[in-house]
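Undergrad:
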Amino acid sequence: MEEISRQIHPSDSWDFHLASKLYSILEDWKDWYHMLAALDAHGDKAYGMVKGVALRLEKTHVLKPRKYESSEEPKLFKKRVSGEEAETPNHGERTQQCYKCGKEGHYAANCRPRTPPRHDPVGETGQRSNRRPTREPSTSRAMSTFVEEWCGAVSARSRGDVQELGAVGKPTLVNAVIFGIEVEALIDTGSVISILPAGLLKLAKSRGFDIDKEVELVSNDQKRKVFDASGTQMDFLGMVKAF
């Protein structure tokens, strides 16, 4: 089937087209967003990366988590109090400590000086204005043109030596429909912006969604700086508004 598909789509877009088909078949899997990230970041190697992620997710579905017996009790931590041992549950209250300045009594979110104000990257802003923003001169081209350039730029970047760490805790996901595609959206309660992968725009375009009509490029200014909660600068391709 892969050989037949390669003959039908001999251009460089064949790999992305085949990866999109594989993702659309498996998008109802748990932790599907790992496949979408591979689809967005690897360009001409997207199919191999999405296929590899799918095989790893399939293995996690086979493995069953250990079930604890109802008779088991939660583990307790022990601490010394006046020479005697006192047991406290591991979910007890913790002292508030800021990881930025190292002082106790407050968290990093309330630490001064605060991080620079955030600007909206690619995605929908938290509040929509009734007045449409003025288009910049550089945005006269069709939105679909920018999507093609963005995806090409993402696939051309070198990932470098990046240490991948496992997630701590479970992500908060909700069902949503974006550009006619049913997806699970990851909720970040501390964020004031919505981050949208460029690969989702390209996937919507490949399914016939008119992104030139429904999506407006608000800014393509690379000079705008966006910082995450830890003060690290984040890289985005632009800022869009969906109607």
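Counting in full-length UniProt numbering, the sequence shown runs from 1 upward without gaps. Built from N, CA and C at the ideal position, the CB exists for glycine as well.
Could you check what DSSP says for V50 in three-state terms: helix, strand or coil?
TA: As a position in the sequence shown, residue 50 is number 50, starting the count at 1. V50: helix per DSSP, three-state reduction.
Undergrad: Tell me the DSSP secondary structure of E69 in three-state form.
TA: Stepping through the sequence shown from its first residue, residue 69 is reached at position 69. Caution is warranted here: a pLDDT of 49 is assigned to E69, below 50, making its placement in the model unreliable, and the coordinate value is therefore given only provisionally. Here E69 sits in coil by DSSP.
Undergrad: Pair every Cβ in the stretch 229-236 with every Cβ in the stretch 50-62, then say whether three or more of these pairs are closer than 8 Å.
TA: no
Undergrad: Apply the 10 Å Cβ neighbour rule to P171 and answer buried if 16 or more other Cβ atoms are within range, or exposed otherwise.
TA: Residue mapping note: residue 171 aligns to position 171 of the sequence shown, counting from 1. Exposed, because fewer than 16 other Cβ atoms sit within 10 Å of the Cβ of P171.
Undergrad: Would you check if there are 3 or more beta carbon pairs closer than 8 Å linking the stretch 25-39 to the stretch 210-220?
TA: no
Undergrad: Among G180, L196, D212, which residue has its Cα nearest to the Cα of F146?
TA: Against the sequence shown, residue 146 aligns to sequence position 146. When each option's Cα is compared against that of F146, the closest is D212.
Undergrad: Among the candidates D210, D228, H17, whose CA atom is the shortest distance from the CA of A142?
TA: In the sequence shown, counting from the first residue as 1, residue 142 sits at position 142. Out of D210, D228, H17, D210 has the C-alpha closest to the C-alpha of A142.
Undergrad: Per DSSP, which residues does K241 bridge with? Please list them.
TA: As a position in the sequence shown, residue 241 is number 241, starting the count at 1. Paired residues: E216.
Undergrad: Taking A198 as the reference, give the member of V226, M239, G169, K225 with the closest Cα.
TA: As a working note, residue 198 is residue 198 in the sequence shown. A198 has its Cα closest to that of M239, out of V226, M239, G169, K225.
Undergrad: Run through DSSP, which three-state label would E149 get?
TA: Your numbering for residue 149 matches position 149 in the sequence shown. Reduced to three states, the DSSP call for E149 is helix.
Undergrad: Would you mind reading off the limits of the alpha helix (DSSP H) that contains A198?
TA: Looking up residue 198 in the sequence shown gives position 198. For A198, the enclosing alpha helix (DSSP H) covers residues 198-206.
Undergrad: Assuming A46 and A37 form a contact by the criterion Cβ under 8 Å, report the distance between their Cβ atoms to the nearest whole angstrom.
TA: The residue you call residue 46 lines up with position 46 of the sequence shown. The residue you call residue 37 lines up with position 37 of the sequence shown. The distance from the Cβ of A46 to that of A37 is about 11 Å, inconsistent with a contact at the 8 Å cut-off.
Undergrad: On the DSSP bridge list, what partners appear for N175?
TA: Taking the sequence shown and counting its residues from 1, the one referred to as residue 175 is at position 175. Answer by DSSP bridge pairing, in chain order: E184.
Undergrad: Counting C-beta neighbours from all protein chains within 10 Å, is the total for K202 16 or more, i.e. buried, or is it exposed?
TA: As a first step, residue 202 is located in the sequence shown; it is residue number 202 there, counting from the start. K202 is buried by the Cβ-count criterion.
Undergrad: Whose C-alpha, out of R207, A176, F227, is nearest the C-alpha of I193?
TA: By 1-based counting over the sequence shown, the position of residue 193 is 193. When each option's Cα is compared against that of I193, the closest is F227.
Undergrad: Check E104 in the structure and name its three-state DSSP category.
TA: Working through the sequence shown from its first residue, we reach residue 104 at position 104. It is a strand residue.
Undergrad: Kindly indicate which residue of F16, K205, L186, E182 has the alpha-carbon position closest to the one of S144.
TA: One-based indexing of the sequence shown puts residue 144 at position 144. Selected option, being the one with the closest Cα: K205.
Undergrad: Between A185 and L173, is the Cβ-Cβ spacing less than 8 Å?
TA: As a working note, residue 185 is residue 185 in the sequence shown. As a working note, residue 173 is residue 173 in the sequence shown. Yes, they are a contact pair.
Undergrad: Does the separation of the CB atoms of H34 and L18 fall below 8 Å?
TA: Position 34 of the sequence shown, counting from 1, holds the residue named residue 34. Position 18 of the sequence shown, counting from 1, holds the residue named residue 18. Cβ distance not < 8 Å, so H34 and L18 don't count as in contact.
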